[in-house]
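Peer 1: Got a structure here, written out as structure tokens. Questions coming.
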Amino acid sequence: MWIVSILVLTQLVHGALCWGDDGHYAVCKIAQGYFEEETVVAVKKLLPESANGELAAVCSWPDEIKKLPQWRWTSALHFADTPDYKCNYEYSRDCPKDWCVTGAIFNYTNQLMSASEISQSIVRYNLTEALMFLSHYMGDIHQLLHEGFIGDLGGNKIKVHWYNQETNLHRVWDDMIIESALETYYNSSLPRMIQALQAKLKNGWSNDVPSWESCQLNQTACPNPYASESIDLACKYAYRNATAGTTLGDYYFVSRLPVVEKRLAQGGIRLAATLNRIYSTKSKLARA
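Numbered per mature numbering (1 follows the signal peptide of the UniProt record, and there is no 0), the sequence shown spans residues -18 to -1, 1 to 270.
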């Protein structure tokens, strides 16, 4: 299985740029800027050689492989849909048998933690895959409609037009808001958009970053509040004014883009904080 995984990864890693791919790349690129030194070293050791030391290069991998027969079991781990119109998230209700995005974040964090804490023991997990899954799912949980309603499959069943293009509401939030932002504001340059988000983190959001990084009760990972944020925001922004047959244009784009930008930034900060809690002595001492 390990050999098969590496072969699949080698084929896909260079094609992993179209969250959608841009969103996942942005989350992981932002995270890299907040890694402690020990985290940088640990992550680079786990990355496949083809990633060239860039976590962002492999953050779309779980999307690329989920439709392959040997990986179909991962499909349900990308979301945690809620009952229709509830607008709140409950782990016991929305993550049956831990089989959802929040459960996956707990699971892959624990896998990485177990190897980090008992380095002399035989590692029972594929830690490269654990790192890539955790990084991807941390992006997914910050995409509002990955915690959407069960009845419409997180907006996938809501057919809308994005300007003059027929699509569905989920894809608007996965790809199209980001793609329109790149085209409108960043000369179709994803690095420019990421630089703008990094600048906001240093300035406009700097006072919020410590609260984004923290986990209650000294937990290593705390995805449940992130899921709660997403479904709350989905009801306020994603679903609002976006019923089936609606044409979504300038107003929807301009008013929702700040939400998307903030969720990308939060995803990156929280991914970095989680990995720092796993690997960084400094972070571990701060929590002690």
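Beta carbons are placed, not taken as given, at the ideal position from N, Cα and C, and that holds for glycine.
Just so you know, these numbers come straight off a predicted model, no measurement behind them.
Excluding sequence positions up to five away, which residues of its chain have a Cβ less than 6 Å from the Cβ of A8?
Peer 2: Cβ neighbours of A8 beyond the five flanking positions: I176 and L246.
Peer 1: Skipping 5 residues on each side, what residues in its chain have a beta carbon closer than 7 Å to that of G231?
Peer 2: If we look at G231 and ignore the five residues flanking it on each side, its Cβ neighbours are Y145.
Peer 1: Can you give the beta carbon distance from S162 to N70, rounded, assuming they're within the 8 Å contact cut?
Peer 2: Not really, about 30 Å apart at Cβ, beyond 8 Å.
Peer 1: If you run the structure through DSSP and keep just helix, strand and coil, what is E148?
Peer 2: Strand.
Peer 1: Taking 8 Å as the cut-off, decide whether the C-beta atoms of H124 and Y208 are in contact.
Peer 2: Yes; because the gap between Cβ atoms is below 8 Å, this pair is in contact.
Peer 1: Near L(-12), which residues of its chain fall below 7 Å by C-beta distance, leaving aside the five closest residues on each side in sequence?
Peer 2: Because L(-12) carries a pLDDT of 38, less than 50, the predicted location of this residue cannot be relied on, and no value is offered for it.
Peer 1: Opposite L230 in the DSSP bridges: which residues?
Peer 2: Paired residue(s): W144.
Peer 1: Using a Cβ-Cβ cut-off of 8 Å (strictly less than) and excluding sequence neighbours within five positions of N89, which residues of its own chain qualify?
Peer 2: Contacts found: D80.
Peer 1: Between F61 and V83, how many whole angstroms is the CB-CB distance? I'm expecting something under 8 Å.
Peer 2: With 8 Å as the limit, F61 and V83 qualify as a contact, their Cβ atoms being about 6 Å apart.
Peer 1: How long is the line joining the alpha carbons of L215 and M95, rounded to whole angstroms?
Peer 2: Spanning the two alpha carbons is a distance of roughly 31 Å.
Peer 1: Using the Cα positions of S258 and A58, report the straight-line distance between them to the nearest angstrom.
Peer 2: For the record, residue 258 in the displayed sequence is Asn; it is not Ser. Cα to Cα, the separation comes out at about 27 Å.
Peer 1: Distance, Cα to Cα, G15 vs A38?
Peer 2: Each residue's Cα considered, the two are about 11 Å apart.
Peer 1: Residues in its own chain within less than 7 Å of R238 by CB, not counting five upstream and five downstream?
Peer 2: The answer, listed in chain order, is I159 and Y219.
Peer 1: The alpha helix (DSSP H) with R75 in it runs from where to where?
Peer 2: Looking at the DSSP string, the run of the alpha helix (DSSP H) that includes R75 is Y73 to D76.
Peer 1: If I measure Cβ to Cβ from Q180 and keep anything under 8 Å in the same chain, skipping five residues before and after, which residues do I get?
Peer 2: If we look at Q180 and ignore the five residues flanking it on each side, its Cβ neighbours are I12 and G15.
Peer 1: Measuring only the C-alpha atoms, how far is T202 from C217?
Peer 2: If I take the Cα positions, the gap works out to 28 Å.
Peer 1: Whole angstroms is fine: what's the gap from N169's alpha carbon to Y233's?
Peer 2: The alpha-carbon atoms of N169 and Y233 are separated by roughly 21 Å.
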